[in-house]
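Engineer:
Protein chains: 4
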Amino acid sequence: MTKKQLKVAVIGGGSSYTPEIVEGFIKKYDEMPIRELWLVDIEEGRHKLAIVGELARRMVEKAGLPIDVKLTLNRREAIAGADFVTTQMRVGLLEARRRDEHIPISHGVIGQETTGPGGMMKALRTVPVILDICKDIEELAPDAWMLNFTNPAGIVTEAVQKHSRVKTVGLCNSPINFQKFLAKEYGVSERDVMPEFVGINHLHWVTAAYVNGEDKLQELINGGKDYSAANVTAFDWDFDFLSSLGAIPTYYLRYFYMTDTMLAEMKESLEKNGTRADVVSRVEEELFELYKDVYLNEKPKQLENRGGAYYSEAAVNLMHSLYTDKRDIQTLNVRNGGIIDFLPEDASIEVNCVVTAQGPVPQPLQRVPEQIKGLIHAVKTYESLTIEAAVSGDRGTALQAMVHHPLVPSVAVGKRLLDDMLEANKAYLPNFF
Amino acid sequence: MTKKQLKVAVIGGGSSYTPEIVEGFIKKYDEMPIRELWLVDIEEGRHKLAIVGELARRMVEKAGLPIDVKLTLNRREAIAGADFVTTQMRVGLLEARRRDEHIPISHGVIGQETTGPGGMMKALRTVPVILDICKDIEELAPDAWMLNFTNPAGIVTEAVQKHSRVKTVGLCNSPINFQKFLAKEYGVSERDVMPEFVGINHLHWVTAAYVNGEDKLQELINGGKDYSAANVTAFDWDFDFLSSLGAIPTYYLRYFYMTDTMLAEMKESLEKNGTRADVVSRVEEELFELYKDVYLNEKPKQLENRGGAYYSEAAVNLMHSLYTDKRDIQTLNVRNGGIIDFLPEDASIEVNCVVTAQGPVPQPLQRVPEQIKGLIHAVKTYESLTIEAAVSGDRGTALQAMVHHPLVPSVAVGKRLLDDMLEANKAYLPNFF
Amino acid sequence: MTKKQLKVAVIGGGSSYTPEIVEGFIKKYDEMPIRELWLVDIEEGRHKLAIVGELARRMVEKAGLPIDVKLTLNRREAIAGADFVTTQMRVGLLEARRRDEHIPISHGVIGQETTGPGGMMKALRTVPVILDICKDIEELAPDAWMLNFTNPAGIVTEAVQKHSRVKTVGLCNSPINFQKFLAKEYGVSERDVMPEFVGINHLHWVTAAYVNGEDKLQELINGGKDYSAANVTAFDWDFDFLSSLGAIPTYYLRYFYMTDTMLAEMKESLEKNGTRADVVSRVEEELFELYKDVYLNEKPKQLENRGGAYYSEAAVNLMHSLYTDKRDIQTLNVRNGGIIDFLPEDASIEVNCVVTAQGPVPQPLQRVPEQIKGLIHAVKTYESLTIEAAVSGDRGTALQAMVHHPLVPSVAVGKRLLDDMLEANKAYLPNFF
Amino acid sequence: MTKKQLKVAVIGGGSSYTPEIVEGFIKKYDEMPIRELWLVDIEEGRHKLAIVGELARRMVEKAGLPIDVKLTLNRREAIAGADFVTTQMRVGLLEARRRDEHIPISHGVIGQETTGPGGMMKALRTVPVILDICKDIEELAPDAWMLNFTNPAGIVTEAVQKHSRVKTVGLCNSPINFQKFLAKEYGVSERDVMPEFVGINHLHWVTAAYVNGEDKLQELINGGKDYSAANVTAFDWDFDFLSSLGAIPTYYLRYFYMTDTMLAEMKESLEKNGTRADVVSRVEEELFELYKDVYLNEKPKQLENRGGAYYSEAAVNLMHSLYTDKRDIQTLNVRNGGIIDFLPEDASIEVNCVVTAQGPVPQPLQRVPEQIKGLIHAVKTYESLTIEAAVSGDRGTALQAMVHHPLVPSVAVGKRLLDDMLEANKAYLPNFF
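Protein sequence lines correspond, in order, to chains A, B, C and D.
Every position in the first sequence, counted from 1, becomes a number in the working numbering once 9 is added.
Every position in the second sequence, counted from 1, becomes a number in the working numbering once 9 is added.
Every position in the third sequence, counted from 1, becomes a number in the working numbering once 9 is added.
Every position in the fourth sequence, counted from 1, becomes a number in the working numbering once 9 is added.
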């Protein structure tokens, strides 16, 4: 490629994560010369955008690079002619997340922002906004790649692939974190490890863990070694269970495999600390206090506690490989095709991909344990129905999605939950009301 | 076919159901001339076998037919040269069923003899015994068809298809009962109705209900019309749910769609009436009292309350079509092939089949609602793992089966349940101990 | 069904075949009361239509039935409100067939009206006309079933299924003839035989031949027994070949398996008798002479020599089963779905179907010999490309269809043939010129 | 990987190709330290082995590397403990090739050593010998990778994958040559080009030709640019044909797309120069004259005219990537899995693969043109039947393979050809005689 003037638009640019992606662009500048970096946010985010935007400019200045950081509330201006568009936003802000977490728990159901009824509500709010952004991209930057970090990333990615012509990839930091964990565990570089992931976003299993070409999975299970994240309580897995499973479940799978314990812990924690949204809210306030410091010109260490560690590294790696036709392997959310043979071809899945200039090519899976097929299929069914409901605003479809989610205990509870949650999100669900 | 001397062996011939199948053979005698009917049972069933056998002989005598009813405890003698072998047995007798129902409830999980952990235990006890019978059939009657009524019929049928060369079909009375319900509802003959069933044994949905070629499904949903059975409490379905589902779930699906209500009802009923096993136990006692009456020479009306109404009609119909290459349509448990495209080819499914002399040919499905795919896949996954565990006696595989059953709330509960239930069934599980 | 007034439209009603279908309607009148029978033809067929129409009226009168036979050149009038529409026509008349047979032979390639380049030309002429008829049906009789006899029947049926919403089934007389041959061979009724056909129209293999439930295929092969038709020279099959094939190829497969011999015979016969079109031309003249006889009031015996024996019996059987939801088994050209797993789902195939009121349901195949898969796939590829070419008028697509037909020896010959044949059919190919 | 002492066994080490692979090992020594290189041949090749072996030793000495070149006629000694085994042999020597080429032409059929009846005979001779070698590898070097160059490479590779537990990959030089051609054409490095190949060995199409991430395929077609090889006459492709095909066929496809021209040329050339076997025979004699020169200590330029250019580069690249888990993309013959969805999962195909330490992972194909599916399927059908015939020695299966090859014009010709060729190869076909 000979193109010289790359333009990137970051939707939700006022997010506390932004310094991380800016750091990534600076590091890769030589191989991927970004000249315009547009941070765009909505009116409610004007203040945060200003703070983060200034920090980004100081970082670029310190690096001595000709990256022009532009701040705007005009999304179309940011998107026009962009090569990459990233989305990192939260429709309804943390207040909505608080409700996503709180209402299910009050009905005795897991309340989490990506898994279960909470994730479903987040999806119903987010999908229409994302598809609206896609219309702008189709019109103003038809060749752009949209990198989607917005949760629930699997659903959002599948919605875009089904309902727009925008080229998109979904990203989660869980795979890259496992990779780093594995490299550290064996004292090798990240290039020498290659885990195999099977599943869909926030519902994957590690089925092999190659270190220099040798599979260390059983060794990890034997040693009780696993990676978890700040936002999910890390109860230990039962050894007999993992051993007969022959795979390491992602930490999000605790919601399914330890439902009773997780729910009890959630209730207790809710009383003590409020929801996870409340915790994040406090962390964010502290971060923005730091960002205001005019002497700060690099990503502060504290950002790593935010929960989304290495998201931006993953995103910058992906852009770089798309740009250079690098054909390296990354774990991404992409269209299934025939990789997971029991899921629809147009479902999004999260698996290892070879990243080419034409997009990521999902890799055939060595082994999909029989045990997990039903659960993957059940959750994917819920996801696809949720997309259909979000786009149509059809309450019957939403009811089917809710009721067939494995964490919802009955039609009766699912129906009550749906009614409550739709009502509470009325302002963000014009399709339904 | 020109063969004149048909021989049928009924394994578990001392069952209270036997008079029904005898009645069936008598009615169809002209088209399917059975000359030898062997009723075989185990030592513990000697007394019941004698009572039922005598009744069978009186029924044949009254009909004036040359059917020779033979009673034996020697299974091999009964099987040798048979054209059809039917199995209707209960490994561990009602005492085992009592435990299957009771132990799960004590852990807060649905306790049912075919669905959930109870069904799993029944399967673990039954599969090895059935495969042992199959060895005899392979040796002594290699061309015989085995008609399997023994629950969990889907698992048992799949086990036979995977682990023996015996030709087998699984039978449930639920489809024939729906058909009769439909015919009655519309005042037409059974030949003029044709429901379409999608799913697996005890987990199917009716997705179309043709009456004289017109689909009446939506009409049935609108009218709140549905069929249920004596052994499952018939809470009403939510109209919005059925309507957006576009299908009528079998009554067994209440365990999945109304888990909370069904569990509460089970606990209450347990305190009042004991388990379903206790109820059945009382009904059976009454039946055998009737059977003893030397003046009784026909199937008593009371048998219809037993729970398995029309089982025998279904069985006799099936034998008749196999024998005459009739190519009519019946709903049966057969090897999937590619009919349900997301399940393994060697899974058993319960669908409409054209019955030929070479066996039943499953019919392509018009429509499989997206919503139900995950649940079907999850339960089938549990079923296949259960078969693997039953054959191997591997506790890890059993744990995977248990934990991945949708009615089991967590790895921890599943593991405790498994330990308790295996221990309680020790006497019947030589593979595990 | 309670509908009393059935209306049937026969497109190409002036055909010499019509007396046969009229006879069929008369025979089945009690179960399928047709009140209006519309025979429609084009201006060029006015004379023949009048002759055949009068014969039809005499036949109905003799039978004493209230079937109103209507003759018209106005297709839309005939179609409006019809329950069944049948098509039996020849775009370009016998003159075009003459060219289809002659031009390929002059390039050293098989010249046949359904197989090879001749069939391709016939398809290019016919598909647009059929799709035009379908537009009328969509508008004027949207619930009608279209029964298609028009050759190449597989291509025409697939074209309708892909490019219109009309419900259609394709029919060939080859399967019913094999069935009659088989019944006669074993001295049983047609109801007691059940051959299994695998393949596509004019390219199928009989892979099993059940007589009273027993497979007699090997017996037929051993005895050198086979059925052929008037229009295909019946050179004997090589015994070793059939025996290792494990199937009996339809007589049309001689064009593929005996290409050299068939071509030589064609060249010789061409010199002696002209093309098959010339032969048919003479037979038709004789038939119409007979039809003119005002004392003739039944189908004349001589029609059976015409080559399409039992076409009409097949058609009437099909209508009857569609009308009564009979669910019997017939061999038809239908949408593949997943029956032949290596062909596209929307390809037409010719297999056994259960005929329901909703249409024919293709039956799963017991066995598809490995050997024949490549040839089926190659010819189906040619067929689908031909449809695409007929609809688009794209010469490149037509070239691909021609070149990839297994009977065309090279790109160079294929291209010359295509140029010649398109030019010769210019008047009937507005899409191309 | 930390293993230090790599051992490689070259079966057919006396081949004139050997200096090329030796050169490859020398170049890659730093990254892939081969310590033992075993050249093994049969008694008939003793003389050539000595000559080539001495040259290999001189080459290693000149490079100053500690590679121990061992010569042996004892295959088991060479294989024991090997990390890689390569096979480059010719059962029956050039004399057999002469017959493979000559006999078909005498029946009016293409005579070529890998395509058509000639390739079939070569396969029948070679498969049993290769499977015999595999037994040694299973016993003496179970972890070794077998790299197979022996033609017909697709058949041989599939045979090994179906009938042994040896890990194998098939290699052809055609893809690497196209890659080099493409890089040269656009003046970029080989790392910047990425063609996509679809098909099976010697029957593939280039469906995309990325240069720095942009597809140049149409440009190549427009410019009439294509790559051919020394052993296949390069008649020009028809532009209209390629353009509507949307792909560039490999030069071997001229046998299928230009059958008439190629056959005519073959007959003419046969009279003038003898078969290709005769030509190769003369080239080989010259090469061995050169190799004898004790002052020669590098691969002579003349070897590049031999016809198998860059075979060894491909082989060394493959070993290197397997050894280092490099995960780069190479075009290889591997098990299909689900990549070409209409072929059996256990068929060998030739496509782009990511090469990992666990073996090559075939990449999903972007596009398989409809046109070519039938031809691929037909030839693969022939290939699989040929393997079955080679292993079983069943003449009926061989007949089916022969007759269903698209280049064989009829059952009659196929049967005569088969009889002649089996008879002529009697000495090498113990399974058949």
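The beta-carbon is built from N, C-alpha and C at its ideal position, and this holds for glycine as well.
Note that this is a predicted model, so its numbers are computed, not measured.
Once the 5 residues before and after GLU70/B are set aside, which same chain residues still bring their CB inside 8 Å of it?
Structural biologist: Residue mapping note: residue 70/B aligns to position 61 of the second sequence, counting from 1. Closer than 8 Å at the Cβ level, and outside the excluded window around GLU70/B, lie ASN306.
Engineer: Counting pairs of beta carbons, one from the region 206-218 of chain D and one from the region 333-349 of chain A, are three or more of them closer than 8 Å?
Structural biologist: Contact fails: fewer than three Cβ-Cβ distances are below 8 Å.
Engineer: Pull up the distance between the alpha-carbon of GLY232/A and that of PHE248/A, whole angstroms please.
Structural biologist: Here residue 232/A is taken as the residue at index 223 of the first sequence, counted from 1. Here residue 248/A is taken as the residue at index 239 of the first sequence, counted from 1. Roughly 9 Å separates the two Cα atoms.
Engineer: Would you kindly check if the distance between the Cβ of LEU149/B and the Cβ of ARG85/B is under 8 Å?
Structural biologist: Counted from its first residue, the second sequence places residue 85/B at position 76. Counted from its first residue, the second sequence places residue 149/B at position 140. In this structure, LEU149/B lies closer than 8 Å to ARG85/B by Cβ.
Engineer: At a CB distance below 9 Å, what residues from the region 368-398 of chain D approach chain A? Give them in sequence order.
Structural biologist: VAL370, PRO371, GLN372, PRO373, GLN375
Engineer: How close, in whole Å, do the beta carbons of PRO378/D and GLY255/D come, if the pair is a contact with beta carbons under 8 Å?
Structural biologist: Working through the fourth sequence from its first residue, we reach residue 378/D at position 369. Working through the fourth sequence from its first residue, we reach residue 255/D at position 246. Rounded, the Cβ-Cβ distance is 6 Å, consistent with contact.
Engineer: When the cut-off is 8 Å and only beta carbons count, does MET267/B lie next to chain A?
Structural biologist: The residue you call residue 267/B lines up with position 258 of the second sequence. Cβ-Cβ to chain A under 8 Å: yes for MET267/B.
Engineer: Give the range of the beta strand (DSSP E) segment to which SER290/B is assigned.
Structural biologist: By one-based count along the second sequence, residue 290/B stands at place 281. Careful: SER290/B lies outside any beta strand (DSSP E), inside the alpha helix (DSSP H) at 285-301.
Engineer: Does the pairing of the region 160-176 of chain A with the region 188-199 of chain A give three or more beta-carbon distances under 8 Å?
Structural biologist: Counting C-beta pairs closer than 8 Å gives fewer than three between the region 160-176 of chain A and the region 188-199 of chain A, which falls short of the contact rule.
Engineer: With distances taken from CA atoms, which of GLY208/D, GLN188/D, LEU431/D, TRP246/D is nearest ASN221/D?
Structural biologist: Reading the fourth sequence from its first residue, position 212 is the one you call residue 221/D. Out of GLY208/D, GLN188/D, LEU431/D, TRP246/D, GLN188/D has the C-alpha closest to the C-alpha of ASN221/D.
Engineer: Span of the alpha helix (DSSP H) holding LEU341/D?
Structural biologist: The sequence position of residue 341/D within the fourth sequence is 332, counting from 1. That residue, LEU341/D, is in no alpha helix (DSSP H); its beta strand (DSSP E) goes 338-344.
Engineer: If I measure Cβ to Cβ from GLY21/C and keep anything under 7 Å in the same chain, skipping five residues before and after, which residues do I get?
Structural biologist: By one-based count along the third sequence, residue 21/C stands at place 12. Cβ neighbours of GLY21/C beyond the five flanking positions: ASP50, THR96, GLN97, MET98.
Engineer: Report the three-state DSSP secondary structure of THR177/B (helix, strand or coil).
Structural biologist: What you label residue 177/B is simply residue 168 of the second sequence in a count that begins at 1. Here THR177/B sits in strand by DSSP.
Engineer: Bridge partners for CYS362/B per DSSP, in chain order?
Structural biologist: Position 353 of the second sequence, counted from the start, is the residue given in the question as residue 362/B. CYS362/B is bridged to GLN339/B, PRO371/B.
Engineer: Please confirm whether VAL136/B and ILE396/B have their CB atoms less than 8 Å apart.
Structural biologist: By 1-based counting over the second sequence, the position of residue 136/B is 127. By 1-based counting over the second sequence, the position of residue 396/B is 387. Yes. Within cutoff.
Engineer: My understanding is that GLY127/C touches ASP152/C, with C-beta atoms under 8 Å, so please give their C-beta distance in whole angstroms.
Structural biologist: Sequence index remark: in the third sequence, residue 127/C carries index 118 (1-based). Sequence index remark: in the third sequence, residue 152/C carries index 143 (1-based). Going by Cβ atoms, the distance from GLY127/C to ASP152/C rounds to 35 Å, so no, they are not a contact pair.
Engineer: Any idea if ARG336/C is buried or exposed, counting beta-carbon neighbours within 10 angstroms, 16 or more meaning buried?
Structural biologist: For the purposes of this step, residue 336/C is taken as the residue at position 327 of the third sequence. Buried, since its Cβ has 16 or more Cβ neighbours within 10 Å.
Engineer: Which full runs of the beta strand (DSSP E) of 3+ residues lie inside the region 84-124 of chain B, going along the chain?
Structural biologist: Correct list: 93-96.
Engineer: Is it right to say LYS144/C is buried, meaning 16 or more other beta carbons lie within 10 angstroms of its own, or is it exposed?
Structural biologist: Your numbering for residue 144/C matches position 135 in the third sequence. Exposed, because fewer than 16 other Cβ atoms sit within 10 Å of the Cβ of LYS144/C.
Engineer: Going by the beta-carbon positions, is the gap between ALA192/C and PRO204/C smaller than 8 Å?
Structural biologist: Looking up residue 192/C in the third sequence gives position 183. Looking up residue 204/C in the third sequence gives position 195. No, they are not a contact pair.
Engineer: Interface residues of chain A around HIS213/B at Cβ under 8 Å?
Structural biologist: Taking the second sequence and counting its residues from 1, one reaches residue 213/B at position 204. The contacting residues do not exist; HIS213/B stays about 16 Å from chain A at best.
Engineer: State the CB to CB distance for the pair HIS329/D and PHE351/D, rounded to an integer number of angstroms; the pair is presumed to be in contact (CB under 8 Å).
Structural biologist: On the fourth sequence, residue 329/D is found 320 positions in, with the first residue counted as 1. On the fourth sequence, residue 351/D is found 342 positions in, with the first residue counted as 1. The Cβ separation is near 34 Å, so there is no contact.
Engineer: How many angstroms separate the CA atom of ARG55/B from the CA atom of ILE114/A?
Structural biologist: Taking the second sequence and counting its residues from 1, one reaches residue 55/B at position 46. Taking the first sequence and counting its residues from 1, one reaches residue 114/A at position 105. Between ARG55/B and ILE114/A, the C-alpha separation is close to 56 Å.
Engineer: For ILE349/B, which residues in the same chain have their Cβ closer than 6 Å to its Cβ, ignoring the five residues on either side in sequence?
Structural biologist: What you label residue 349/B is simply residue 340 of the second sequence in a count that begins at 1. In its chain, beyond the 5 residues on either side, ILE358 have a beta carbon closer than 6 Å to the beta carbon of ILE349/B.
Engineer: At a Cβ cut of 7 Å, what residues of the region 316-337 of chain C count as close to chain B, listed as they run along the chain?
Structural biologist: ASP334, ARG336
Engineer: Name the chain A residues that come within less than 8 Å of ASP145/D, Cβ to Cβ?
Structural biologist: For this step, residue 145/D is matched to residue 136 along the fourth sequence. Result: empty, since nearest Cβ-Cβ is about 25 Å, beyond 8 Å.
Engineer: Taking only beta-carbon positions, decide if ASN221/D is within less than 8 Å of chain A.
Structural biologist: Along the fourth sequence, one-based indexing puts residue 221/D at 212. For ASN221/D, the closest Cβ of chain A is nearer than 8 Å.
Engineer: If the cut-off is 8 Å on Cβ atoms, which residues from the region 351-369 of chain D count as contacting chain A, listed in chain order?
Structural biologist: Sequence-ordered contacts of the region 351-369 of chain D with chain A read VAL363, THR365, ALA366, GLN367 [C-beta pairs closer than 8 Å].
Engineer: Using CA atoms only, rank isn't needed, just tell me which of ILE142/B, LEU133/B, ASP334/B, ALA273/B is closest to SER173/B.
Structural biologist: Residue 173/B sits at position 164 when you count from the first residue of the second sequence. For the residues ILE142/B, LEU133/B, ASP334/B, ALA273/B, the minimum Cα distance to SER173/B belongs to ILE142/B.
Engineer: Going straight from the alpha carbon of LYS435/C to that of TYR26/C, what length do you get?
Structural biologist: Residue mapping note: residue 435/C aligns to position 426 of the third sequence, counting from 1. Residue mapping note: residue 26/C aligns to position 17 of the third sequence, counting from 1. Each residue's alpha carbon lies about 28 Å from the other.
Engineer: Could you say which of ASP269/A, ALA273/A, GLN227/A lies nearest to LEU251/A if we only look at CA atoms?
Structural biologist: Here residue 251/A refers to the residue found at position 242 of the first sequence. Comparing Cα-Cα distances from LEU251/A to each of ASP269/A, ALA273/A, GLN227/A, the minimum goes to GLN227/A.
Engineer: Using a C-beta cutoff of 8 Å, does VAL124/B count as contacting chain A?
Structural biologist: Here residue 124/B is taken as the residue at index 115 of the second sequence, counted from 1. In the sequence on display, residue 124/B carries Thr and not Val. So, not an interface residue.
Engineer: Applying a beta-carbon distance threshold of less than 7 Å, which residues of chain B neighbour GLY346/C?
Structural biologist: By one-based count along the third sequence, residue 346/C stands at place 337. Here the neighbours are PRO373.
Engineer: Roughly how many angstroms separate the alpha carbons of PHE93/A and VAL207/A, rounded to a whole number?
Structural biologist: By 1-based counting over the first sequence, the position of residue 93/A is 84. By 1-based counting over the first sequence, the position of residue 207/A is 198. The alpha-carbon atoms of PHE93/A and VAL207/A are separated by roughly 27 Å.
Engineer: Under a three-way DSSP split, which group does PRO184/C fall into?
Structural biologist: The residue given as residue 184/C occupies position 175 in the third sequence. In the displayed model, PRO184/C falls within a helix according to three-state DSSP.
Engineer: What are the start and end residues of the alpha helix (DSSP H) that includes ILE381/D?
Structural biologist: As a first step, residue 381/D must be located in the fourth sequence, where it is residue number 372. ILE381/D -> alpha helix (DSSP H) spans 379-401.
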